[in-house]
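Here's the structure we're looking at; comments come further down.
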Amino acid sequence: MEPGKSFDGAELLRNVQRMLTDNDRLKKELNDKVARIEAQNERISELIAKNERLVDERNSMLERRNDALRNTTEQSSEVLQRIQAQKAALETEITNVQSELSTAQRHLTILRQTEQVSQRTKRRRRLWPWR
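Numbering (the numbering used here), first residue to last: 20 to 150.
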């Protein structure tokens, strides 16, 4: 407003009405924005709760998986130890059987040699009975 100029009553009333209208419009916009913010806050809270549930479920699943892996590892370790013990026992048995086989082969060789000597002696006696 220019200095020295005055408002007439009608103009002043229009300005006040315009300010009241603008104020009502701004209040409505503010209320709409507050409502949208509250709705978004509610949605955020729901998403956070859902995320927490999913994290808890994932952690539970990972714990179950780790327990299963631990059990499987323990069982595999037990099976491996049993197999290693069986292997050691079989290796000992193989060594003993090989030793027995070697001894039996030596005895067989001695018996064959004795048999050959005996056969030669018998042949000689038949050929030369005076000896």
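Just so you know, even glycine gets a beta-carbon here, dropped at the ideal spot from N, CA and C.
Fully enclosed alpha helix (DSSP H) runs of no fewer than 4 residues are not present anywhere in the region 45–87.
When the Cα atoms are used, R77 and T40 turn out to be separated by approximately 55 Å. Under the three-state reduction of DSSP, D41 is assigned to helix. Here the C-alpha atom of Q117 lies approximately 26 Å from the C-alpha atom of L99.
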